[in-house]
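**Q**
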């Protein structure tokens, strides 16, 4: 059980890293893009916009905690 | 063609910077404690990485292409954003730049202080440090090789780019016999972060059913957008840092 936990923690750190909110933001953006695309709306702008918002917010948190 | 070129470039650059970091670790241990054990560690780690690519690459290709693009795209996007976030923090001065000379000195000191106990002619400290260094640095490369390669059905091309980069770094390392301080690692990491995030956006979008204006060429638009966004963020954070320092100083 301990090894399974360590394995999961390793991959979580490896892929998600310092800020889990980035992964949550990306998942929400993907959900919105899929929702719009499957209803026939233009959804190409959703992911670039998501990246802009998520990245700026994550950097803001990181830099505030170091000041 | 564009995808192949980007696939090669991304894997080559990512492999190159990770190989430089692994080389620093192996050099530091080898110079202080001898070469046999660290080189065995490097060999075992390289074998483990090759097995992971050989197993995961074909396994991923069994998934339907849209599912593969959605899952791999989302993973690459989250993974790429980590690289990009760190690169922006480094460029704006909020995080220290990666310094191979400092890493080499620290690793060398640890290696000289560690116990010299050996068994069966093997220096397990050297073996473990080299094995762990190469495996951990290499896992990021494997992740990129497998995800990029599988999504485009070009695992061999991605693996070849990684091998070329690693061979090149080893060859230069053998010639200079010192950590490769002159490789612009921080700039390369910035470029890799941009490429990974751009492909993540493109593939995750395709997997989610998005139709990109301009088809495959949209990747260039995404790359340009993320490039401009990143430079704007670096500029803004540098300004924020200077303002904060001035406020503290007055």
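Protein chains in written order, with the working numbering: chain A, 1 to 67; chain B, 68 to 317.
Beta carbons: idealized from backbone N, C-alpha and C, even for Gly.
This one's a predicted model, so the numbers in the text were calculated from it and none came from an experiment.
Measuring alpha carbon to alpha carbon, tell me which residue in B:152, B:92, B:101 and B:227 is nearest residue 253 (chain B).
**A** Position 186 of the second chain holds residue 253 (chain B). Among B:152, B:92, B:101 and B:227, the Cα nearest to that of residue 253 (chain B) belongs to B:152.
**Q** Leaving out the 5 sequence neighbours to the left and right, which residues in its chain are closer than 7 Å to residue 218 (chain B) when beta-carbon positions are compared?
**A** The residue you call residue 218 (chain B) lines up with position 151 of the second chain. Result list for residue 218 (chain B): 135, 136, 139 and 270, in chain order.
**Q** Are the Cβ atoms of residue 170 (chain B) and residue 88 (chain B) separated by less than 9 Å?
**A** Walking along the second chain from the start, residue 170 (chain B) turns up at place 103. Walking along the second chain from the start, residue 88 (chain B) turns up at place 21. Yes, they are a contact pair.
**Q** Locate the alpha helix (DSSP H) running through residue 84 (chain A), then write down its first and last residues.
**A** Past the boundaries of the shown model lies residue 84 (chain A); chain A is included only from 1 to 67, so the question cannot be answered.
**Q** Quick one: does the C-beta of residue 241 (chain B) sit closer than 8 Å to a heavy atom of the ligand MG?
**A** Because no ligand of any kind appears in the structure shown, any question about the ligand MG cannot be addressed here.
**Q** Would you say residue 93 (chain B) and residue 83 (chain B) are within 9 Å of each other, going by their C-beta atoms?
**A** Residue numbering aside, residue 93 (chain B) sits at position 26 when the second chain is read from its first letter. Residue numbering aside, residue 83 (chain B) sits at position 16 when the second chain is read from its first letter. It is not a contact, given that the beta carbons lie outside the stated cut-off.
**Q** Measure from the C-beta of residue 23 (chain A) to each C-beta in chain D and report whether the shortest distance is under 9 Å.
**A** No chain D is present in this structure, whose protein chains are A and B.
**Q** Applying the criterion that 16 or more other CB atoms from any shown protein chain within 10 Å of the CB defines a buried residue, is residue 283 (chain B) buried or exposed?
**A** The residue given as residue 283 (chain B) occupies position 216 in the second chain. By the 10 Å Cβ count, residue 283 (chain B) comes out exposed.
**Q** Of the residues that make up the segment 271-288 of chain B, which ones have a beta carbon closer than 9 Å to any beta carbon in chain A?
**A** Within the segment 271-288 of chain B, the residues whose Cβ lies closer than 9 Å to any Cβ of chain A are, in chain order, 271, 272, 274, 275, 276, 277, 278, 279, 280, 285 and 288.
**Q** If I measure Cβ to Cβ from residue 308 (chain B) and keep anything under 6 Å in the same chain, skipping five residues before and after, which residues do I get?
**A** Position 241 of the second chain, counted from the first residue, corresponds to residue 308 (chain B). 160, listed in sequence order.
**Q** Go ahead and label residue 39 (chain A) buried or exposed: buried means 16 or more other beta carbons lie within 10 angstroms of its beta carbon, across all protein chains shown.
**A** As a first step, residue 39 (chain A) must be located in the first chain, where it is residue number 39. By the neighbour-count rule (16 or more Cβ atoms within 10 Å), residue 39 (chain A) is not buried but exposed.
**Q** Thinking just about the alpha-carbon of each residue, which of B:306, B:279, B:261 and B:310 is nearest to the one in residue 149 (chain B)?
**A** As a first step, residue 149 (chain B) must be located in the second chain, where it is residue number 82. Across the set B:306, B:279, B:261 and B:310, the C-alpha of B:261 shows the shortest separation from the C-alpha of residue 149 (chain B).
**Q** From the beta carbon of residue 7 (chain A), is the nearest beta carbon of chain B less than 9 Å away?
**A** Residue numbering aside, residue 7 (chain A) sits at position 7 when the first chain is read from its first letter. No - not a single Cβ of chain B is within 9 Å of the one on residue 7 (chain A).
**Q** For a contact defined as C-beta to C-beta under 9 Å, what are the partners of residue 28 (chain A) on chain B?
**A** Stepping through the first chain from its first residue, residue 28 (chain A) is reached at position 28. Going along chain B, no residue has its Cβ under 9 Å from residue 28 (chain A), so there is no contact; the nearest lies around 11 Å.
**Q** Does any CB atom of chain A fall closer than 9 Å to the CB of residue 308 (chain B)?
**A** Walking along the second chain from the start, residue 308 (chain B) turns up at place 241. Interface residue (Cβ-Cβ distance to chain A less than 9 Å): residue 308 (chain B) is classified as such.
**Q** Hey, is residue 4 (chain A)'s beta-carbon within less than 9 Å of any beta-carbon in chain B?
**A** In the first chain, counting from the first residue as 1, residue 4 (chain A) sits at position 4. No, its Cβ sits nowhere closer than 9 Å to a Cβ of chain B.
**Q** Let me check understanding here. Comparing Cα to Cα, which of B:232, B:103 and B:239 lies closest to residue 195 (chain B)?
**A** Numbered from its first residue, the second chain carries residue 195 (chain B) at position 128. Nearest option by C-alpha distance: B:103.
**Q** Does the count of Cβ pairs from the segment 198-213 of chain B and the segment 110-127 of chain B closer than 8 Å reach three?
**A** yes
**Q** Report the option in B:224, B:166, B:97 and B:233 whose CA atom is closest to the CA atom of residue 177 (chain B).
**A** Looking up residue 177 (chain B) in the second chain gives position 110. Of the residues B:224, B:166, B:97 and B:233, the one whose Cα lies closest to the Cα of residue 177 (chain B) is B:97.
**Q** Can you give the Cα-Cα distance for residue 129 (chain B) and residue 18 (chain A), rounded to whole angstroms?
**A** Numbered from 1 along the second chain, position 62 holds the residue referred to as residue 129 (chain B). Numbered from 1 along the first chain, position 18 holds the residue referred to as residue 18 (chain A). Cα-Cα distance, rounded: 31 Å.
**Q** Residue range of the alpha helix (DSSP H) that residue 7 (chain A) falls in?
**A** Looking up residue 7 (chain A) in the first chain gives position 7. 2-15 is the extent of the alpha helix (DSSP H) around residue 7 (chain A).
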